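First to last, the sequence lines map onto chains A and B. Counted the way my numbering counts, the first sequence spans residues 3 to 294. Counted the way my numbering counts, the second sequence spans residues 502 to 755. Every residue, glycine too, gets a C-beta built ideally from N, C-alpha and C. Since the model is a prediction, treat every value here as computed from it, not as a measurement. To start, the structure under review is shown below, and the notes come after it.
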Amino acid sequence: MTVDTSVAPGHVPGPLSRPMSPVGVGGGAALPVRLQGVVKSFGTLTVLRGIDLTIPAGQFLAIVGRSGCGKSTLLRLLAGLDTADAGTITIGDAARRAESPVRLMFQEPRLLPWARIRRNVEVGLSGRGAGPQAGALAQEALARVGLAERAGEWPSVLSGGQKQRVALARALVSSPGLLALDEPLGALDALTRLEMQELIERVWTAQGFTAVLVTHDVGEAVALADRIVVLDGGAVAADVTVDIPRPRQRGDAWAAAIEGDVLRRLLGGASQTTNGLVSPSGALPVATGPQA
Amino acid sequence: MSRLRGLLPWVVPLLVLIIWQAGSELGLIRATVLPAPSDVALAGWRLLLSGELLRNVGVSAWRAGLGFTIGGAIGFALGLLNGLSDLSQRLLDTSLQMVRNVPHLAMIPLVILWFGIGEEAKLFLVALGVFFPVYVNTLHGVRSVDPHLIEMAGAYGMSSRALIRRVILPGALPSVFVGVRYGLGITWLTLIVAETISATSGIGYMAMNAREFLMVDVVVFAILIYALLGKVADSVTRLLERRCLAWNPAYRNA
Ligand SMILES: Nc1ncnc2c1ncn2[C@@H]1O[C@H](COP(=O)(O)OP(=O)(O)OP(=O)(O)O)[C@@H](O)[C@H]1O
Ligand SMILES: [Mg+2]
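What follows is the structure, given as structure tokens:
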């Protein structure tokens, strides 16, 4: 695997967007990702038919698409839970991956019910030889998600949102270089979702990993991501840059315009770009900066 | 109020004892059929003083403990092995399930032919009886560990040893406990039958011996001792269960 520091063609950093530093605050180094012609089939069903995607280190990418279009499949490939039938996936280089690994946050928290909260977070350090430090690191990660005082409890007493925060702490404890999130907020109520979104944005800003978020909620994608990729028919159907400065205001006209555009592309109405290139000076109001 | 609640389960047994005692005193229950509770208690006291009681209870408990440990350990090990390895399960499970259909008590004549009436015969029967429930429930427990958790552990780079220790074993434990409690029941049942048919010591032998001398009170006392031992074993298991499965809300305050 090669070191890949190139910047995606579709990505144009805005004047106020966070500088793309490859080195995170949390000690891990953000990993760049490059997918070339990635194909994945299950039996006769070809789910991904040639995905080309370059994600610069430290970018927050959101993936949206119809149910069953292969978003989870793509994330599982990134996390190494499955292997592609064709094409190549390059995620940083081996040395950097060893230091700051790829982590996947599932739709369900997947906590071990028989392990206390802190022990669950320590699972994130499996095979990383953290030794006696593990407990302290886990405690620190729990503090980052605001659950430090619950460390000694069983998962069964936590609420759904709290369980997801523990799962987030478990993913963060090893200072990931790439964090893939597979609709982690899908099962949460609206208010808890907003809180979790803020939390995810905060830890991403602090730790500076590359983030790939799969979501059904275009509003969520617009609120969090630097860039939104629409997956359709097993390929990248659109690639939209979200150049709204952070911290972002919910429901401003700028965000609404981008959200409307992504939704149109999702529904297949707008003209589809081949390799997901949407010029910032094109139909999207991304070039001139926010109006709010 | 809460103390009264704690006594509630004992109301019915106490009532039965009182009626039984009254029935005996009034001559409604003949002593040759069922001696009065006080007579049974006296018989127990005599056995305790002579040292016979402790010796026989000790022998029976030792047989139960050792037989259970042997059968349970083999059942657990094979259950774990077959739960983890498809190859092993395909090789062994069908054979084991076929043997399971033979009631282990039906083996008594054969076992007496093999081992005589020595200790091995009893241990063998108990171990054989305990093996299957522990095996079947361990296998089921390992197989029914949430595959999502196993996938999660793999994604986090857990070694296979850590996976077994931290995910599979704790996940299978509730089911293993079901097997253990079932196995304990079989242990006492097997022991009663085996000691009654062929033994020179133990509670069952004590009862059979008393029967020859028409000491009905001793016979009844022996039956009660079996019940008590079974109850003690079950309570200990419940206690262990509650401690080991404290994470599970269903066991936390049962
Ligand atoms: N292990 C598998 N075996 C067979 N088919 C699979 C497997 N995993 C996924 N698929 C199929 O691949 C397709 C894409 O699945 P995937 O889970 O990636 O969709 P998704 O985009 O994540 O959908 P959703 O938004 O509903 O989560 C579906 O048609 C699914 O049935
Ligand atoms: Mg999915």
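Can you round the beta-carbon distance between A/P115 and B/N749 to whole angstroms, since I take them to be within the 8 Å contact cut? 7 Å
Buried or exposed: A/W206, going by 16 or more other Cβ atoms within 10 Å of its Cβ? buried
Please classify A/V244: does DSSP put it in a helix, a strand, or coil? coil
Give the residues from the stretch 654 to 677 of chain B that approach chain A closer than 8 Å (Cβ to any Cβ), ordered along the chain. A654, G655, A656, Y657, G658, M659, S660, A663, R667, V668, P671, G672 and L674
A/A272 to A/T217 span [Cα, whole Å]: Residue confidence is low: A/A272 scores 45 on pLDDT, short of 50, so the model does not pin down where it sits. Its coordinate-derived value is still stated next. Distance between the alpha carbons of A/A272 and A/T217 is about 20 Å.
May I ask whether a heavy atom of ligand 2 can be found less than 7 Å away from the beta carbon of A/D184? yes
Output yes or no for whether 8 Å exceeds the beta carbon distance between B/T697 and B/M709. yes
Any beta carbon of chain B sitting closer than 8 Å to that of A/P115? yes
My output table needs one value for B/D587: the three-state DSSP class, helix, strand or coil. helix
Could you list which residues in chain A have their beta carbon closer than 7 Å to that of B/H649, in chain order? E110 and R112
Once the 5 residues before and after B/T738 are set aside, which same chain residues still bring their CB inside 8 Å of it? F678, V681, R682 and L685
Entirely enclosed alpha helix (DSSP H) segments - the stretch 627 to 693 of chain B, minimum 4 residues: 648 to 656 and 661 to 664
Let me check you understand the geometry: is the CB of A/C71 closer than 7 Å to at least one non-hydrogen atom of ligand 1? yes
Just how far apart, CA to CA, sit B/E742 and B/A654? 25 Å
Which word fits B/H605, buried or exposed, when buried means at least 16 other C-beta atoms lie within 10 angstroms of its C-beta? buried
Host alpha helix (DSSP H) of B/F722 (start-end): V717 to C745
Select from A/Q164, A/S177, A/V175 and A/Q209 the residue whose C-alpha is nearest the C-alpha of A/L193. A/Q164
Please state if the CB of B/V635 and the CB of B/L650 are separated by a distance shorter than 8 Å. no
Is it the case that the CB of A/S74 approaches a heavy atom of ligand 1 more closely than 7 Å? yes
Pop quiz: B/R601 and B/F633 are said to be a contact at Cβ under 8 Å. What is the actual Cβ separation, rounded to whole angstroms? 5 Å
Does any CB atom of chain B fall closer than 8 Å to the CB of A/G137? no
So, with DSSP's three-state summary, where would you put A/Q61? coil
Between the C-alpha atoms of A/A145 and A/Q209, what's the straight-line distance to the nearest angstrom? 14 Å
With distances taken Cα to Cα, identify the nearest neighbour of A/L226 among A/R252, A/V168 and A/A240. A/R252
Strictly by DSSP, which residues pair up with A/S43? A/T48
Contact criterion: CB-CB distance below 8 Å. Does A/G131 meet it with respect to chain B? no
A/A81 at chain B interface by Cβ criterion, 8 Å: yes
For B/V627 and B/G568, believed in contact at Cβ under 8 Å, the rounded distance: 3 Å
Chain A contact residues for B/E652, given Cβ-Cβ distances below 7 Å: L83
Contacts that B/N557 makes with chain A (C-beta to C-beta distance below 9 Å): Chain A residues near B/N557: none, gap ~41 Å exceeds 9 Å.
Is the closest heavy atom of ligand 1 to the C-beta of A/F44 under 7 Å? yes
Beta carbon proximity, B/N638 to chain A, threshold 8 Å: no
Please decide whether A/A94 counts as near chain B, where near means a Cβ-Cβ distance under 8 Å. The question names Ala, but residue 94 of chain A in the sequence shown is Gly. Judged by the 8 Å Cβ criterion, A/G94 is not in contact with chain B.
Under 7 Å, CB to CB, which of the residues in the stretch 152 to 175 of chain A have a partner in chain B? W156 and S158
Is it right to say A/T90 is buried, meaning 16 or more other beta carbons lie within 10 angstroms of its own, or is it exposed? exposed
Please determine, among A/A150, A/G179, A/D184 and A/L47, the residue with the shortest C-alpha to C-alpha distance to A/A171. A/A150
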